[in-house]
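Participant: Residue 173 in this note's numbering sits at position 179 of the sequence shown, and the numbers go up by one each step.
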Amino acid sequence: MTPRWLPPENPLSPEHFQAVRRPLLEAETMPPWTYTTPGFYAAEVEKIFGKTWNFIGRAARVAQPGQYFTLDFAGIPVAVVHGKDGRLRAFANTCRHRGARLLEGEGEIAAIRCPYHSWTYDLKGALRGAPEMEDTACFETADFGLDEFRLESWGGFLFLCFDPSVPDLASFLGELPELLAAYDLENMVCVRRKTWDIACNWKIYVENAMEAYHVPTVHAKTIQRQKRTISPPLYGETGQWSGLYTKHEGSRALEAGDTGFPYLPTLTGPSAEGTYYILIYPGTMLALTFDCMWWLEVHPRGPEHMHLISGACFPKAITERPDFEEVVQRYYKRWDRSIPEDNVISELQQQGLRSPFARVGRFSIMEPLVHSLDNWVLDRVVAPSV
Ligand code: FES
Ligand SMILES: [Fe+2]
């Protein structure tokens, strides 16, 4: 075979992807260089993450006025701030003077003060103080407020959008809120949040999260022991999501043989008989099972790096039980064993794909959501074929 030492000259040309566009069992996998090439990654940031509603975790992280947290989403520094007027806002975390990053980490503040020359903004983003600027010609503080991004919420989760022109979050989610209404996500409490830096392209991690083909191998000693029947994949008709539903007994958030909390009393129909694994495009997986939900949030950090955040939510009443801390350890054990297994295999895949000798592969019947994610990406990144 001929090695590919360099990515193609025009990585966004449709000609490279004709085989990915075929039906699942005739298709080939994405070209390896789409997981490593800065040019392809830059197009994903601009055309996907820059234009969609990006899931950024629980609103309860900033429950009180004055609280804030920061994040770098696809290289864009953002600060989410709970204003004194009760509104949550997402600001560009970049000073309007000479561009320093303003806030770090998370905490509580009365105002946003730049660490460089002390320009100070209120919690609505308005510039309130700019020392030594009195003599500067035609300088009006009113013109130098922080840029604000769109921020909306559903089910207690925040979504961030950098594009003023895309339709609102409700149209992005489509029918998903109705499908998941019985879980009453709004009234769940996040009990734990963990983060990892992983040396792989963001697509690798999401693809892995949405197929059960790897479970007998990668999770042989952990969740493989859970027995289940997998149903055909689910696709949002109006919303930007897809998913898997599996029918089984026992909470999927526990290892086989462990017992946990009582089941949610509100579940009926399929939600009372199995678990939903939902991918909210492009990079968030929600798992909703009998007694709790957990999520995996993928933040791209470059063509070969990403940040993974996992969170877990239980109904408020369950978190108030006197035995909560003791019993929840069994859930933590399951996640703390299975998530690192996925992290390791994702890095191994990146290492293999980085080779100039890496070639395209084929899909099994168990990978429809990998194929549909790849095509969702191509729909947005690659010019339509003529
Ligand atoms: S860069 Fe912020 S005050 Fe100068
Ligand atoms: Fe896995």
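Positions of the beta carbon are idealized from the N, C-alpha and C atoms, including for glycine.
If you run the structure through DSSP and keep just helix, strand and coil, what is F166?
Facilitator: Helix.
Participant: Among all the DSSP beta bridges, which residues are the ones paired with S147?
Facilitator: According to DSSP, S147 bridges with L152.
Participant: Please give the ranges of any beta strand (DSSP E) in the stretch 256 to 281, keeping only runs that are unbroken, at least 3 residues long and fully inside the region.
Facilitator: Runs of the beta strand (DSSP E) inside the stretch 256 to 281: 268 to 274.
Participant: So the beta strand (DSSP E) L18 belongs to, where does it begin and stop?
Facilitator: It is not in any beta strand (DSSP E) - L18 carries neither H nor E in the DSSP assignment.
Participant: CB S7 to CB K188, shorter than 8 Å?
Facilitator: No; because the gap between Cβ atoms is not below 8 Å, this pair is not in contact.
Participant: Does DSSP put F85 in a helix, a strand or coil?
Facilitator: Strand at F85.
Participant: Return yes when the C-beta of N202 is under 7 Å from any heavy atom of ligand 2, and no when it is not.
Facilitator: It does: the Cβ of N202 is within 7 Å (strictly closer) of some heavy atom of ligand 2.
Participant: Beta carbon of H111: closer than 7 Å to some heavy atom of ligand 2?
Facilitator: No, ligand 2 has no heavy atom inside 7 Å of this Cβ.
Participant: Using the C-alpha atoms, what's the distance from L280 back to W370?
Facilitator: Their backbone Cα atoms lie some 18 Å apart in a straight line.
Participant: Determine the extent of the beta strand (DSSP E) in which V185 is found, giving its start and end residues.
Facilitator: First-last of the beta strand (DSSP E) with V185: 182 to 192.
Participant: Consult DSSP for E38 and reduce its assignment to one of helix, strand or coil.
Facilitator: E38 falls in the helix class under three-state DSSP.
Participant: CA-CA distance, A57 and F151?
Facilitator: Cα to Cα, A57 sits roughly 12 Å from F151.
Participant: Excluding sequence positions up to five away, which residues of its chain have a Cβ less than 6 Å from the Cβ of I78?
Facilitator: The question names Ile, yet the displayed sequence has Lys at residue 78. P59, L117.
Participant: What residues in its chain sit with their C-beta under 6 Å from that of V380, if we drop five residues either side in the sequence?
Facilitator: For V380, the predicted model reports a pLDDT of 49, less than 50, meaning its position is unreliable; a value from the coordinates is still stated below. Excluding positions up to five away in sequence, the list is empty.
Participant: Enumerate in chain order the residues of its own chain whose CB-to-CB distance from R393 is below 6 Å, with the five nearest sequence positions on each side excluded.
Facilitator: Past the boundaries of the shown model lies residue 393; the chain is included only from -5 to 380, so the question cannot be answered.
Participant: By Cβ distance below 6 Å, which residues in the same chain neighbour D252 in space, the five residues on each side in sequence not counted?
Facilitator: Closer than 6 Å at the Cβ level, and outside the excluded window around D252, lie R324.
Participant: For P26 and L347, I'd like the C-alpha separation in whole angstroms.
Facilitator: If you take the alpha carbons of P26 and L347, they lie about 5 Å apart.
Participant: Beta-carbon within less than 7 Å of G268's beta-carbon, same chain only, minus the 5 sequence neighbours each way: which residues are those?
Facilitator: Only Y239, T240, K241, H242 meet the Cβ criterion.
Participant: For V364 and S358, I'd like the C-alpha separation in whole angstroms.
Facilitator: V364 and S358: Cα-Cα distance of roughly 10 Å.
Participant: Grab me the residues of T283's own chain with a C-beta within less than 7 Å of its C-beta, minus the 5 sequence neighbours each way, in chain order.
Facilitator: Answer for T283: S245, R246, A247, T269, listed in chain order.
Participant: CB of D400 to nearest heavy atom of ligand 2: below 7 Å?
Facilitator: Outside the shown range of the chain, which is -5 to 380, sits residue 400, and nothing can be said about it.
Participant: Identify the continuous alpha helix (DSSP H) that holds P334 and give its terminal residues.
Facilitator: Looking at the DSSP string, the run of the alpha helix (DSSP H) that includes P334 is 318 to 347.
Participant: Using 10 angstroms around the beta-carbon of N202, count the other beta-carbons present and answer buried if the total reaches 16, otherwise exposed.
Facilitator: Flag for N202 reads buried.
Participant: On a CA-only basis, which of E172, T28, Q61 is nearest P5? Give me that one, please.
Facilitator: If we check each option's Cα against that of P5, T28 comes out closest.
Participant: Sorted by chain position, which residues of the same chain lie with C-beta nearer than 7 Å to E341's C-beta, five sequence neighbours on each side aside?
Facilitator: So the list reads I192, A193, C194, once near-sequence residues are dropped.
Participant: What are the residues that DSSP puts in a beta bridge with Q61?
Facilitator: For Q61, which the question treats as bridged, DSSP gives the partners E102.
Participant: Give a yes or no on whether the C-beta atoms belonging to L140 and G119 are separated by under 8 Å.
Facilitator: For L140 and G119, yes; Cβs fall inside 8 Å.
Participant: Would you mind reading off the limits of the beta strand (DSSP E) that contains H22?
Facilitator: Note on residue identity: the sequence assigns Glu, not His, to residue 22. Element bounds for E22: n/a, residue is neither H nor E.
Participant: What's the gap between the Cα of Q345 and the Cα of T31?
Facilitator: When rounded, the distance between both Cα atoms is 14 Å.
Participant: Could you tell me how far apart the beta carbons of A176 and T260 are, in whole angstroms, since I believe they sit closer than 8 Å?
Facilitator: The Cβ separation is near 5 Å, so the contact holds.
Participant: For F351 and E20, what's the separation of their Cα atoms in angstroms?
Facilitator: Each residue's Cα considered, the two are about 22 Å apart.
Participant: Measure the Cβ-Cβ separation of N87 and T64 and say whether it is below 8 Å.
Facilitator: In contact: N87 and T64 (Cβ atoms closer than 8 Å).
Participant: Could you pull the DSSP bridge partners for C307 from this structure?
Facilitator: Answer is C184, M287, bridged to C307.
Participant: Assuming F85 contacts V75 under a Cβ cut-off of 8 Å, what Cβ separation, rounded to an integer in Å, is found between them?
Facilitator: About 6 Å separates the two Cβ atoms, so the contact holds.
Participant: Give me the Cα-Cα distance between E314 and C184, rounded to the nearest whole angstrom.
Facilitator: Answer to the nearest angstrom: the Cα atoms are 13 Å apart.
Participant: Using alpha carbons as the reference points, say which of I217, E205, H293 lies closest to E361.
Facilitator: For the residues I217, E205, H293, the minimum Cα distance to E361 belongs to E205.
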